[in-house]
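Colleague: First, the structure itself, so that you have it in front of you.
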Amino acid sequence: MKRTILLIMAFMAVEVTFCFARDKVQSKKEIDIYPQNPAYWQYGGKPILLLGGSVEDNLFQIRELREHLDLLKSVGGNYVRNTMSSRDEGNVWPFRKVDGKYDLKKWNKEYWRRFETFLKLTSERDIIVQIEIWATFDYYRDNWDRNPFNPKNNITYTAQESGLPLQVNSHPTSTKNNFFWSVPAERNRKTVLKCQQRFVDKILSYSLNFGNVLYCMDNETSVTPEWGKYWSEYIKDKARTKKSRVRVHTSEMWDKWDLAHPQHNASFDHPETYSFLDISQNNHNKGQTHWDNAQRQRARIADKVRPLNNIKIYGANKGRYGSDRDGMERFWRNIFGGLASSRFHRPASGQGLNKNAQANIRSMRFITDDMDVFSCKPYNDLLSERRSNEAYCLANPGKEYAVYFPDGGEVLLDISAMKKKAAIRWLDIMQSKWQKPQRIEPKSRVKLRPPSKGYWAVLIQ
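Heads up: the sequence shown begins at -3 in the numbering used here, then just goes up one per residue.
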């Protein structure tokens, strides 16, 4: 009897140890803010720089998903966007149809199978997913006309019961769809809110099982701050009650391109609501203005540093928001500006994961893997004889310096803090190739001139 009890106790000890070890492994695979420098993220207990590009916004709905993620991984990418959207050809909606109309209490298994598969594939590849819960443009114009939440398309509520319109012909900036005013602090549409909660609960029933997920409430929203605040707190509350105790981080994406616009105050001024900031709309701006706007926001949150994410880098020759050059410059300015992430937006508004994007992601990873980027800061004040948008510096003075040149040029870099011999290495960004290193003696300043016009970066260590 005593031997049996001892065996049981030994088994229980092993089981407890196994569970504890399993929990530790899970915690190491969670995206979290890097405590040594909260401007960045960590994953698996190590600091991580988020770089990405992908062919579509609602990536979980595309064909050949596995191959697309493998391509991203092969060039050094680890960051994707995923809107919970269904507006494109070949997409499916989250709800099941009953007699030609949707039942908002029943699920379309294919939608959720795609979503779960997407989460598994990204987790297996250590790719961080930034989810946008409410895909704003699904709820306006032609998309609203066929959206299951539209009262005319479902059997769950009527227009009178829900207070929702049957048509919304305006742009989302007009905020005329009552769908986004349902929360208690606004119009308190309980019938609609209950269905919205059910949808978010379903998302979380999958996503909270994975540690590679960040949560953004909306895409380019202009609605009341109470809407995003409600869903941020709702998601965090749900995570706290989940047995896995997965840690979640939330943000909101406002529509205004000017980050100083009061619209952004609800995010920047409220770290208790949003633990990171998505500033993608700044990526409509160009050149020095693009850099300066982001740097003002870094200064703005200096007393409560948080990651500044860029899930959308605009700019493609066939798009409306700048050229290929604009997109690639924005990608580099973000990272050399001390921001936590940079991802090329989907075509035609961005580079997606085309050859340009692949080259830039690969080269960015080349240079940031060879330096301790998490100990560096933007240091353009170390550059002299610099023209607007000519060069950008990221450095840990005395130890290492990186300078990005969008299109050749020549600047002087102050390296007076470096008291030893150093090596200079030039990186051809579009070819993803290092030039042979050169040695220099300690000096106060060094003249930097790229080997040719075009996109170059240089590392001095």
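Cβ atoms here follow ideal geometry from the backbone N, Cα and C, with glycine treated the same way.
Reducing DSSP to helix, strand and coil, say where V179 ends up.
Modeller: Counted from its first residue, the sequence shown places residue 179 at position 183. Of the three classes helix, strand and coil, the one that applies to V179 here is coil, per DSSP.
Colleague: Enumerate, from N- to C-terminal direction, the unbroken alpha helix (DSSP H) stretches of 4 or more residues contained entirely within the segment 171 to 255.
Modeller: Those alpha helix (DSSP H) runs which fall completely within the segment 171 to 255 and span 4+ residues are 186 to 203 and 221 to 237.
Colleague: Is the Cβ-Cβ distance between H286 and R326 less than 8 Å?
Modeller: As a first step, residue 286 must be located in the sequence shown, where it is residue number 290. As a first step, residue 326 must be located in the sequence shown, where it is residue number 330. When the beta-carbon positions are compared, H286 and R326 come within less than 8 Å of each other.
Colleague: Classify N146 as buried or exposed, calling it buried when 16 or more other Cβ atoms lie within 10 Å of its own Cβ.
Modeller: Here residue 146 corresponds to residue number 150 of the sequence shown, with the count starting at 1. Classification for N146: buried.
Colleague: Given 8 Å as the limit, is there contact between the segment 384 to 400 and the segment 355 to 362, that is, 3 or more CB pairs closer than that?
Modeller: no
Colleague: Determine the DSSP secondary structure at S23, reduced to helix, strand or coil.
Modeller: As a first step, residue 23 is located in the sequence shown; it is residue number 27 there, counting from the start. The predicted position of S23 is uncertain, since its pLDDT is 41 and thus under 50; a value taken from the coordinates is nonetheless stated next. Note: S23 maps to helix in three-state DSSP.
Colleague: Work out the CA separation of Q38 and I231 for me, nearest whole Å.
Modeller: Working through the sequence shown from its first residue, we reach residue 231 at position 235. Working through the sequence shown from its first residue, we reach residue 38 at position 42. Approximately 21 Å between the Cα atoms of the pair.
Colleague: Do the segment 89 to 106 and the segment 29 to 47 meet, that is, are 3 or more Cβ pairs less than 8 Å apart?
Modeller: no
Colleague: With a Cβ-Cβ cutoff of 8 Å, do S218 and T171 count as a contact?
Modeller: Locating residue 218 in the sequence shown gives position 222, where the first residue counts as 1. Locating residue 171 in the sequence shown gives position 175, where the first residue counts as 1. Yes. Within cutoff.
Colleague: Return helix, strand or coil for T113, following the three-state DSSP convention.
Modeller: Taking the sequence shown and counting its residues from 1, one reaches residue 113 at position 117. Note: T113 maps to helix in three-state DSSP.
Colleague: Contact check, I27 vs G207 under 8 Å by CB: the rounded distance?
Modeller: What you label residue 27 is simply residue 31 of the sequence shown in a count that begins at 1. What you label residue 207 is simply residue 211 of the sequence shown in a count that begins at 1. 6 Å between Cβ atoms; contact.
Colleague: Taking the alpha carbon of E466 as the reference point, which residue from N205, L379 and L255 has its own alpha carbon closest?
Modeller: Lying before the first or after the last residue shown, residue 466 is absent from the chain, which here runs from -3 to 457.
Colleague: The beta strand (DSSP E) spanning I297 covers which residue range?
Modeller: Here residue 297 corresponds to residue number 301 of the sequence shown, with the count starting at 1. Counting along the chain, I297 falls outside any beta strand (DSSP E), and DSSP gives it neither H nor E.
Colleague: Let's see if you can read the secondary structure: which residues bound the alpha helix (DSSP H) around N330?
Modeller: For the purposes of this step, residue 330 is taken as the residue at position 334 of the sequence shown. Residues D320 to F332.
Colleague: For the ligand FMN, any of its heavy atoms closer than 7 Å to the Cβ of R329?
Modeller: This structure simply doesn't include the ligand FMN, nor any ligand for that matter.
Colleague: I'd like to know if the segment 302 to 312 and the segment 333 to 348 are in contact, where contact means that at least 3 CB-CB pairs between them fall below 8 Å.
Modeller: yes
Colleague: Using the Cα positions of I124 and Y30, report the straight-line distance between them to the nearest angstrom.
Modeller: Within the sequence shown, residue 124 is the residue found at index 128, counting from 1. Within the sequence shown, residue 30 is the residue found at index 34, counting from 1. One C-alpha to the other measures close to 15 Å.
Colleague: Excluding sequence positions up to five away, which residues of its chain have a Cβ less than 8 Å from the Cβ of R18?
Modeller: Counted from its first residue, the sequence shown places residue 18 at position 22. For R18, the predicted model reports a pLDDT of 35, less than 50, meaning its position is unreliable; a value from the coordinates is still stated below. Nothing meets the Cβ criterion.
Colleague: Kindly indicate which residue of G159, G394, G49 and R296 has the alpha-carbon position closest to the one of Y75.
Modeller: Within the sequence shown, residue 75 is the residue found at index 79, counting from 1. Minimum Cα distance to Y75 is reached at G49.
Colleague: Whole angstroms are fine: how far does the CA of D233 sit from the CA of H260?
Modeller: For the purposes of this step, residue 260 is taken as residue 264 along the sequence shown, with counting starting at 1. For the purposes of this step, residue 233 is taken as residue 237 along the sequence shown, with counting starting at 1. A straight-line Cα-Cα distance of about 24 Å links H260 and D233.
Colleague: Can you find the residues in the same chain that come closer than 6 Å, C-beta to C-beta, to V188, ignoring five residues on each side of it along the sequence?
Modeller: Stepping through the sequence shown from its first residue, residue 188 is reached at position 192. So the qualifying residues of the chain are S158 and S178.
Colleague: Under a Cβ-count criterion, where at least 16 other Cβ atoms within 10 Å of its own Cβ denotes burial, should R316 be classed as buried or exposed?
Modeller: The count along the sequence shown starts at 1 and reaches residue 316 at position 320. Result: exposed.
Colleague: Starting from the Cα of N533, find the closest Cα among K239, E52, L160 and Y153 and give me that residue.
Modeller: The structure shown does not extend to residue 533, since the chain is modelled only from -3 to 457, so the question has no answer here.
Colleague: What does C389 pair with, by DSSP beta-bridge criteria?
Modeller: Here residue 389 is taken as the residue at index 393 of the sequence shown, counted from 1. DSSP output for C389 lists V399 as bridge partner(s).
Colleague: Need the endpoints of the alpha helix (DSSP H) that K69 sits in, please.
Modeller: Taking the first residue of the sequence shown as position 1, residue 69 is located at position 73. Run containing K69: L61 to S70, per the alpha helix (DSSP H) assignment.
Colleague: So, for I151: in the same chain, excluding its five sequence neighbours on each side, which residues have a beta-carbon less than 6 Å away from its beta-carbon?
Modeller: What you label residue 151 is simply residue 155 of the sequence shown in a count that begins at 1. Excluding positions up to five away in sequence, the list reads K97 and D99.
Colleague: Would the beta-carbon of D368 fall within 8 Å of that of N330?
Modeller: To locate residue 368, count along the sequence shown from 1; it is residue 372. To locate residue 330, count along the sequence shown from 1; it is residue 334. Cβ atoms of D368 and N330: not closer than 8 Å.
Colleague: Report yes if the CB atom of M213 is closer than 8 Å to the CB atom of W227, and no otherwise.
Modeller: Position 217 of the sequence shown holds residue 213. Position 231 of the sequence shown holds residue 227. Yes.
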